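Comments concern the structure below.
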Amino acid sequence: MDSVFTEAFPIVTTPDLPRLIAFYRDVVGFELTYRFPDEGAPEFVALRLGSSELGLAANPEAGEPAGSHRWELCVYADDCDAAVGALRTGGATVTEEPVDQPWGERSARVTDPDGNRLLVLARL
22 MDSVFTEAFP IVTTPDLPRL IAFYRDVVGF ELTYRFPDEG APEFVALRLG SSELGLAANP
82 EAGEPAGSHR WELCVYADDC DAAVGALRTG GATVTEEPVD QPWGERSARV TDPDGNRLLV
142 LARL
C-alpha cells in the first residue's frame, strides 16, 4: 500500500510558550527552525535536534482540565483531503474538516481509534 503521508512529528501545547522554547533550546539543545508569526509573540515554533523535529504551540488552556491532551501528532501529506479520507476509512474520527490556513497549509484534525489527536497538514 502506498502511503499518502510524507513526514511526522509531535506538537506539544503549552500555556507558556517562551518558557518551553527556552527549555528545549537552551537545556535540551534543539535549534529553532521556524516560527509563526514572523513578528510579535510566537504562536507556534518548530525545533530540530539532529534528524528529529518537535513543534511547540501556544495554548493558554493546555492541560486544563487536568488530564486533557497536551500533544498531538502532526502528519504531512501531499493531499490533505485524500489523507483525511484514508484516515476516516481506516477508523479515525474527523474532528476538524480540511481548511486552508493563513500560513500556507491546508489542515484538518482527527483522532485515531484510541482517541489520540492527529493534525493533518498539506502545503498549499
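Note that my numbering has the sequence shown beginning at 22, numbered continuously upward.
Where is the CB? At the ideal position from N, CA and C, for every residue including glycine.
Small disclaimer: the values here were computed from a predicted structure and weren't measured.
- In the structure shown, the three-state DSSP call for A107 is helix.
- Selection R144, E82 and R127 evaluated against L38 yields E82 as nearest (Cα-Cα).
- Your pair N80 and T34 checks out as a contact, with CB atoms roughly 4 Å apart and the cut at 8 Å.
- Taking the Cα positions, R127 is about 17 Å away from I32.
- Nearest C-alpha to A143 among N137, C95, L77 and T110: C95.
- Nearest Cα to P134 within the set D102, V115 and V25: V115.
- Each residue's CA atom was taken as its position, placing A43 and Y55 some 14 Å apart.
- Comparing C-alpha distances from L145 to each of P58, C101 and A78 shows the shortest one belongs to C101.
- DSSP places P119 in no alpha helix (DSSP H) but in the uninterrupted beta strand (DSSP E) bounded by T114 to D121.
- Annotated as proximal: L68 and E74, with beta-carbon spacing under 8 Å.
- The beta-carbon separation of T132 and A113, rounded to 6 Å, stays under the 8 Å limit for a contact.
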